[in-house]
Amino acid sequence: MRRRQGEFRRLFRRRLSCLILGLLGLFLIGGLALFVVHHRHQVEFEPKLQEKDVRIGRVPHEAVNFTEEILSAASFVRQMSDHVTLGKAYLVLAKDHNNLKLAWDFSSQIRKCQLLLAKASMRGTPITVAEAEPIVRRLSSLIYKAQNAHYDIATTITTLKTHIQALEERANAAIVQSAVFGQLAAEGRTKSLHCLNIKLTVDWLRNPSLKELIDEQRNSLRLVDNNLYHFCIFSDNVLATSAVINSTISNADHPKQLVFHVVTDNINYMAMQAWFLTYDFKGSAIEVQNVEEFSWLNSSYAPVFKQLQEMERRGAAQDLRTEVKFWKPNLLSLLDHLRFYVPEIYPSLERVVLLEDDVIVQKDLMPLFSLDLHGNVNGAVETCLEGFHRFYKYLNFSNPVISSKFDPQACGWSFGVNVFDLVAWKKANVTDRYHYWQEQNADQMLWNAGILPPGLLSFYGLTEPLDRRWHVLGLGYDAYIDNRLIETAAVLHYNGNMKPWLKFGFRRYRPLWERYVNYTNPVLKDCIWS
Numbered sequence: 110m111r112r113r114q115g116e117f118r119r120l121f122r123r124r125l126s127c128l129i130l131g132l133l134g135l136f137l138i139g140g141l142a143l144f145v146v147h148h149r150h151q152v153e154f155e156p157k158l159q160e161k162d163v164r165i166g167r168v169p170h171e172a173v174n175f176t177e178e179i180l181s182a183a184s185f186v187r188q189m190s191d192h193v194t195l196g197k198a199y200l201v202l203a204k205d206h207n208n209l210k211l212a213w214d215f216s217s218q219i220r221k222c223q224l225l226l227a228k229a230s231m232r233g234t235p236i237t238v239a240e241a242e243p244i245v246r247r248l249s250s251l252i253y254k255a256q257n258a259h260y261d262i263a264t265t266i267t268t269l270k271t272h273i274q275a276l277e278e279r280a281n282a283a284i285v286q287s288a289v290f291g292q293l294a295a296e297g298r299t300k301s302l303h304c305l306n307i308k309l310t311v312d313w314l315r316n317p318s319l320k321e322l323i324d325e326q327r328n329s330l331r332l333v334d335n336n337l338y339h340f341c342i343f344s345d346n347v348l349a350t351s352a353v354i355n356s357t358i359s360n361a362d363h364p365k366q367l368v369f370h371v372v373t374d375n376i377n378y379m380a381m382q383a384w385f386l387t388y389d390f391k392g393s394a395i396e397v398q399n400v401e402e403f404s405w406l407n408s409s410y411a412p413v414f415k416q417l418q419e420m421e422r423r424g425a426a427q428d429l430r431t432e433v434k435f436w437k438p439n440l441l442s443l444l445d446h447l448r449f450y451v452p453e454i455y456p457s458l459e460r461v462v463l464l465e466d467d468v469i470v471q472k473d474l475m476p477l478f479s480l481d482l483h484g485n486v487n488g489a490v491e492t493c494l495e496g497f498h499r500f501y502k503y504l505n506f507s508n509p510v511i512s513s514k515f516d517p518q519a520c521g522w523s524f525g526v527n528v529f530d531l532v533a534w535k536k537a538n539v540t541d542r543y544h545y546w547q548e549q550n551a552d553q554m555l556w557n558a559g560i561l562p563p564g565l566l567s568f569y570g571l572t573e574p575l576d577r578r579w580h581v582l583g584l585g586y587d588a589y590i591d592n593r594l595i596e597t598a599a600v601l602h603y604n605g606n607m608k609p610w611l612k613f614g615f616r617r618y619r620p621l622w623e624r625y626v627n628y629t630n631p632v633l634k635d636c637i638w639s
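Counting in my numbering, the sequence shown runs from 110 upward without gaps.
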């Protein structure tokens, strides 16, 4: 009977230790080895330490690699780290069982162990027997004492699950909060941008001659000449739009053959007009339009128009419980949705290149207009080399409307640099396809609010993959992009929250953007240094 009780006790300890190690993500072999040590006489630990010390003593201090040490199951660093991890688990159990004395002892020894590991890492020398032995002995003794407390296995599992769920909820809440604050900061206007808009608006109101230039511009035949190279930009950011245009014409072989079509909102319209009418852009033509003057863009024609109005009425943009992408401020603007109405905005054009306002051009983009799209409507760079850029990451494939028509493993692509064949667009009725999917997603059950998901659906089977060098993404969220990719890229895309015009943008990438911003401009100079 006693033998069976002893076997059950050992079996219980093994299962309990394995459960704790598994939940905390310990290495299985190291955890089992540590568990065996706990059930042997404590005297066995000292010879192992002495043997290890002799072996380590043969290695020069400068050759000590702490990464290798912590991965080695026989090293002091690994043993101490495993003891700390297991000790933290028993610390939680001791607190939950109101054993405050044991919890205090665990906490004290864990701090000592962590301090020794930190000192050893800083000095770059191995941990000696004299340093490791007393701490590991005390921790082993406490762990043995905790195991002998005979905590109920069901209670232990429930306790650990509760703590894990609580930690997951706190982590998820922190992630959402961080995303919310990051998005607010990214979408918010800096003081200098506000200043620039105000000064340009004042210039527009004070200078009637600028208004006279608009009539001349609107009647220019260059705006509808298909022998020229047409780019469209939909933005409410004067400085960002200017940087896109500056970079494009600076790297063009024939800048006078470029035509830029800018559409902005009513608030920024006067500032945009004042900026692009006042300064010269190497002879290129620049047209600025106000989205609110598109009388045809209304709720009876465009489903998204009605949906955006409903979102504003619901106050979704201020509801932090809603998915971050759902209330993203720029999604409450028609500007981002105008890309699905390019043929309606420019009915006389045959091919245009869409540029986002957070890109920088480094190469001549004229070759894009001669690319063979093989009858497709949209030329774009695919992003499926990254595992999270496939259709199933953007769309709800549990809905039969999606799963019956699309491949979840289909390759995604990105907006930012897109070649649109408007003749093929009209033949394929892409805008009607977009309207259909917007109506299907009126309840937000097919995808969360955004621009790319309806784009993937609307251009499905109509997208021609472009060479990846045309469009390199990630400069707004990835700090470790290969320099070779950046150097060979035709267009750099600062997609993400870390925009180059914001103070928290990546310093590594900011000079690539700033070289196309004229900081000597008196208006901009006053706003930056005011």
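We treat Cβ as the ideally placed atom computed from N, Cα and C, and that holds for glycine.
- Classified as exposed, asparagine 207 has fewer than 16 neighbouring CB atoms from the shown chains inside 10 Å of its CB.
- Beta-bridge analysis with DSSP links isoleucine 637 to no other residue.
- Annotated three-state conformation of arginine 327 is helix, per DSSP.
- For phenylalanine 403, the closest C-alpha among the options Ala394, Glu419, Thr357, Tyr450 is that of Tyr450.
- Secondary structure remark: continuous alpha helix (DSSP H) runs of at least 4 residues inside the stretch 473 to 558, in chain order: 509 to 512, 531 to 537, 539 to 549.
- DSSP places leucine 463 inside the beta strand (DSSP E), whose first and last residues are 460 to 464.
- Per the coordinates, the alpha-carbon of tryptophan 213 lies some 21 angstroms from the alpha-carbon of alanine 227.
- Going by beta carbons, leucine 565 and leucine 504 fall inside the 9 angstroms limit.
- By the Cβ rule, the stretch 404 to 417 does not count as touching the stretch 332 to 352, because fewer than three pairs are nearer than 8 angstroms.
- Here alanine 380 is near leucine 305, since their CB atoms are less than 9 angstroms apart.
- Taking C-beta separations shorter than 6 angstroms and ignoring five residues to either side along the sequence, the partners of lysine 204 in its chain run Ala212, following chain order.
- Distance from the Cα of proline 562 is smallest, within the candidate group Ser507, Ala598, Phe500, Asn606, for Phe500.
- The shortest CA-to-CA distance from valine 510 to any of Pro476, Met554, Phe524 is the one to Met554.
- At the C-beta level, valine 368 and leucine 332 come within 9 angstroms of one another.
- Taking a contact as a CB-CB distance under 8 angstroms, the pair histidine 339 and leucine 443 does not count as one, their CB atoms being some 21 angstroms apart.
- In this structure, proline 452 sits near tryptophan 534, with a CB-CB distance shorter than 9 angstroms.
- Shown here, glutamine 398 sits in a strand according to DSSP, grouped into three states.
- Taken in chain order, the unbroken stretches of alpha helix (DSSP H) that lie wholly in the stretch 565 to 605 and span 4 residues or more are 592 to 597.
- Counting only the Cα atoms, leucine 464 lies some 12 angstroms from aspartate 445.
- Comparing alpha carbon positions, the residue from Pro317, Ile395, Asp374, Asn377 closest to isoleucine 358 is Ile395.
- Between glutamine 398 and isoleucine 323, the beta carbon gap of about 10 angstroms keeps them out of contact (Cβ cut-off 8 angstroms).
- Counting every other CB atom within 10 Å of its CB across the protein chains shown gives alanine 239 a total below 16, marking it as exposed.
- The stretch 474 to 493 and the stretch 607 to 622 do not touch, with fewer than 3 CB-CB distances between them shorter than 8 angstroms.
- Within the DSSP bridge table, the entry for cysteine 341 names His370, Leu463 as partners.
- Counting along the chain, isoleucine 469 sits inside the beta strand (DSSP E) bounded by residues 468 to 470.
- Taking 9 angstroms as the cut-off, the beta carbon of valine 490 is found closer than this to the beta carbon of leucine 575.
- Closest option to valine 353, judged by alpha-carbon separation, among Asp191, Leu611, Gly614, Asp467: Asp467.
- Within its own chain, the residues whose Cβ lies closer than 8 angstroms to the Cβ of tyrosine 586, once the five positions on either side in sequence are excluded, are Asn604, Gly605, Asn606, Met607, listed in chain order.
- The C-beta separation of leucine 248 from cysteine 222 comes to about 7 angstroms, placing the pair in contact by the 8 angstroms criterion.
- With a cutoff of 9 angstroms on beta-carbon distance, asparagine 627 and asparagine 355 are scored as near each other.
- In the DSSP assignment, glycine 196 falls within the alpha helix (DSSP H) that extends over 185 to 205.
- Phenylalanine 515 is positioned such that its CB atom lies no closer than 9 angstroms to that of valine 539.
- Nearest to serine 351 by alpha-carbon distance, out of Ile376, Arg448, Leu386, is Leu386.
- In the structure shown, methionine 381 falls within a helical segment according to DSSP collapsed to helix, strand and coil.
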